[in-house]
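Residue numbers (the working numbering): 14 to 205.
The C-beta atom is built at its ideal place from N, Cα and C for all residues, glycine as well.
If you're wondering where the values come from, they're calculated on a predicted model, not measured in any experiment.
Take a look at the structure:
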């Protein structure tokens, strides 16, 4: 028997087994005139006659996440052993952000306490996370202020700013909410 003929006979046998098990009429709940009971009959071979039919998806389709472009801008200054950081979150839209948070890290270790704006918390020796509050599309949010007394006067401090949580929105441009700023102890403000 040729290969094509064998394949055709196998296909016909599988289709017959599916129809015997209820086929399209059994799967949709329509009853034919001579529909056998569901499941394999006494003469069915193991694994033949059972057809798995997945039910159609009937639940709500999740809405796509809103899009909002978060950005952080600010200034940092080192004067002696004291570093001050001012940071302003901004939502460039198109959607509003109910709440987001920003992570700020600095490369030099602090000496003692760190002065924080409300809504901020230290999450490590050199790391702070601050909530932005609600952000309206096209507007700046509340300014966040951090004050750090450095353990030893550093010749430079690297400041890293990035979104810690975006409030569940999709941010199409991550380049303006992940920043790395080199700050020198000159007493001058470094803007970013």
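What are the residues that DSSP puts in a beta bridge with residue i?
i, result
"residue 120", "DSSP lists no partner for residue 120."
"residue 205", "None; residue 205 has no bridge partner."
"residue 175", "116 and 191"
"residue 196", "170"
Give me the Cβ distance between residue i and residue j, rounded to the nearest whole Å; I'm assuming they're in contact under 8 Å.
i, j, result
"residue 169", "residue 193", "12 Å between Cβ atoms; not a contact."
"residue 151", "residue 106", "5 Å"
"residue 99", "residue 164", "Contact doesn't hold; Cβ gap of about 22 Å is too wide."
Can you give the Cα-Cα distance for residue i and residue j, rounded to whole angstroms?
i, j, result
"residue 119", "residue 177", "15 Å"
"residue 154", "residue 101", "6 Å"
"residue 77", "residue 71", "18 Å"
"residue 110", "residue 167", "37 Å"
"residue 191", "residue 126", "25 Å"
"residue 202", "residue 97", "9 Å"
"residue 198", "residue 73", "56 Å"
"residue 188", "residue 113", "17 Å"
"residue 148", "residue 195", "27 Å"
"residue 104", "residue 175", "14 Å"
"residue 29", "residue 108", "Confidence at residue 29 is low in this model, with a pLDDT of 46, below 50, so the placement of that residue should be treated as unreliable; the coordinate-derived value is given next. Their backbone Cα atoms lie some 55 Å apart in a straight line."
"residue 84", "residue 116", "13 Å"
"residue 95", "residue 144", "23 Å"
"residue 133", "residue 86", "17 Å"
"residue 146", "residue 200", "30 Å"
"residue 156", "residue 204", "14 Å"
"residue 180", "residue 129", "21 Å"
"residue 162", "residue 171", "15 Å"
"residue 79", "residue 131", "27 Å"
"residue 135", "residue 81", "26 Å"
Is residue i close to chain D, meaning its C-beta is less than 8 Å from at least one C-beta of that chain?
i, result
"residue 156", "Among the chains of the structure shown, chain D does not appear; only one protein chain is present."
Is it the case that the segment 119 to 128 contacts the segment 180 to 193, given that we only count it when at least three CB pairs across the two stretches are under 8 Å?
no
contact_flag[the segment 88 to 96, the segment 127 to 139] where n(CB pairs < 8 Å) is 3 or more:
no
Whole beta strand (DSSP E) elements within the segment 71 to 116, 3-residue minimum
81 to 92 and 95 to 107
Taking only runs of the beta strand (DSSP E) that begin and end inside the segment 120 to 166, which ones reach a length of at least 3 residues, in chain order?
123 to 129, 133 to 137, 140 to 144 and 157 to 163
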